[in-house]
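Residue numbers (the numbering used here), protein chains in the order written: chain H, 6 to 258; chain F, 2 to 337. Note that CB positions come from ideal geometry on N, CA and C, so glycine has one too. Presented below is the structure to which this report refers.
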């Protein structure tokens, strides 16, 4: 018995038809579920079950995004990620069964764009995919001077930020963190990546200091229905979550 | 040193410590107690190195060291051979006993700890994948408003099937834990193998169908009743059938057969039309935490459980490649 292919509605078909997905998952049932959900939203999907096939098919078909399970029977998923990243420039979203934050961090530091932890809702996976694809596209276009997220406005070149029109008084590090998180909104940024960019060295001994700055930044941002939220991903990093994304709300956070 | 078994290494180490302690003991008139203790560090360190720094060896050596330091000072020069020889023999026996006992105990604890760590990792990985399919399919059935009835039903079928798969995995984990704890106790009753095979194949029909595998049961009508644990024997057949389905490509067949081999023995076999057992793996296929080529997984645990359960029933299990292709697992059970 195979899963009947859902007909994509006109609403969800158009935006993703030209974003072919390479799904690397060795569990056949889970692969069917994820592929069905992707196809239902209009993404073309190819499924492979091993790291070796993933590397071969990625170079043959040049997918626009790779969904990669870290637990594969032949090659460790982190190695697959590392080897893909030698030449593959499109987003990689990792599926992790470990609950093991260290492996997620390694995957992210080795080139993965984001991750979802098993078990996950399809909405959560789709949200991560959209964010990852959007950021790749944004990297190709010239950097914007300002980022507007809900009622938060970050003027990157002018080193200014405001919520609901009120200017925020931020220290240099707080502004550095906010502008990084705002430009990468929706995406997880690892402790290492944030420390490297804002502190100037990826020294994880500074993680406590990072946490203090994040807490201060979170307090200064405040709360509100249109305010982005600064979400901690314990053991991994931080993510600035936009309020009410247009589709598939991120229910779990 | 990996070549020496833990117990043996511990005994050799304990003896080395004991001998040195005795020799140092005789130097009482030359050395103070602190200097003696310092000298004794050498054999302890050597023992630790000998044991590859395993805790068992270190503990054994330290136990012997403490013991030797508790000996009353003799104040005699080492040259009084006869007395010392008696002391040495007594000392060695005690060192053997203490060192060996401590070593085997610590080794057993370390082994349990290691197995627990592996089991935890397996549980976290192998249970989460079917859970991910359940949550994924259920969330999609709820959220994807463009699905028609057939699409939604397909997703709900997955929820049910994966729920059953989780149940089988949990049963295997429990059995494994019982086996490791030495607490696998069959509940003896008269078992009809027709029922056992029928129930386990019925439960796996959906799995076979999803994999495009035909599942057939060919049992002789007259099968002797065996004494055994119905639940455990069903788990054995289910594990063998699930393993066979997993290794059979779409379009293949899995066949369960049952027959009385002799008046005292009944055979249950599960044959598949897959690639057969990879060379070199037949010897280790019933070991837990093994999965061909890749990282260990609960999938490999199923066969290990089969072996333990069958042996607890006084039977045996074997695997062979079929001439026509595929593998066949055969369980032999005594008729009592």
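{"Query": "Between the CA atoms of residue 193 of chain H and residue 236 of chain H - distance to the nearest angstrom", "Result": "9 Å"}
{"Query": "Residue 325 of chain F: CB within 7 Å of a non-hydrogen atom of the ligand SAM", "Result": "Summarising the ligand content, the structure contains no ligands, and the ligand SAM is consequently not present."}
{"Query": "Start and end residues, alpha helix (DSSP H) containing residue 180 of chain H", "Result": "177 to 188"}
{"Query": "Residue of H:227, H:225, H:137, H:223 minimising C-alpha distance to residue 188 of chain H", "Result": "H:137"}
{"Query": "Sufficient close CB pairs (3 or more, under 8 Å) joining the stretch 209 to 219 of chain F to the stretch 245 to 262 of chain F", "Result": "yes"}
{"Query": "Where residue 130 of chain F meets chain H, residues with beta-carbon distance less than 7 Å", "Result": "32, 35, 102, 123"}
{"Query": "Test: residue 57 of chain H CB closer than 8 Å to a CB of chain C", "Result": "The question asks about chain C, but that chain is absent: this structure's protein chains are H and F."}
{"Query": "Inter-stretch contact at 8 Å, needing at least 3 Cβ pairs: the stretch 273 to 282 of chain F / the stretch 319 to 329 of chain F", "Result": "yes"}
{"Query": "Sequence-distant residues of its chain with Cβ nearer than 8 Å to residue 110 of chain H (five each side left out)", "Result": "195, 196, 197, 240, 241, 242"}
{"Query": "Exposure label - residue 220 of chain H; buried when at least 16 CB within 10 Å", "Result": "exposed"}
{"Query": "Residue 93 of chain H to residue 63 of chain H span [Cα, whole Å]", "Result": "8 Å"}
{"Query": "Beta-carbon gap between residue 332 of chain F and residue 315 of chain F smaller than 8 Å", "Result": "no"}
{"Query": "DSSP-derived helix/strand/coil call for residue 164 of chain F", "Result": "helix"}
{"Query": "Three-state secondary structure assigned by DSSP to residue 110 of chain F", "Result": "helix"}
{"Query": "Residue 158 of chain H, enclosing beta strand (DSSP E) - first and last residue", "Result": "157 to 160"}
{"Query": "Ordered list of alpha helix (DSSP H) runs contained in the stretch 214 to 246 of chain F, each at least 4 residues", "Result": "none"}
{"Query": "Nearest candidate by alpha-carbon position, reference residue 225 of chain F, set F:162, F:142, F:196", "Result": "F:196"}
{"Query": "Inter-residue Cα distance where the pair is residue 136 of chain F and residue 169 of chain F", "Result": "18 Å"}
{"Query": "Chain F contacts made by the stretch 49 to 77 of chain H, where a contact means CB separation under 8 Å", "Result": "76, 77"}
{"Query": "Alpha-carbon spacing of residue 212 of chain H relative to residue 179 of chain H, whole angstroms", "Result": "14 Å"}
{"Query": "Extent of the continuous alpha helix (DSSP H) run through residue 221 of chain H", "Result": "212 to 226"}
{"Query": "Touching by the beta-carbon criterion (3+ pairs, under 8 Å), the stretch 19 to 33 of chain H and the stretch 42 to 55 of chain H", "Result": "yes"}
{"Query": "Positions along the stretch 238 to 253 of chain F whose CB lies within less than 7 Å of some CB in chain H", "Result": "none"}
{"Query": "Extent of the continuous beta strand (DSSP E) run through residue 47 of chain H", "Result": "Careful: residue 47 of chain H lies outside any beta strand (DSSP E) and carries neither H nor E."}
{"Query": "Counted within 10 angstroms of its Cβ, other Cβ atoms place residue 294 of chain F as buried (16 or more) or exposed", "Result": "Any reading at residue 294 of chain F must be qualified, since the residue scores a pLDDT of 44, below 50, and its modelled position is unreliable; the value itself is stated next. Exposed, because fewer than 16 other Cβ atoms sit within 10 Å of the Cβ of residue 294 of chain F."}
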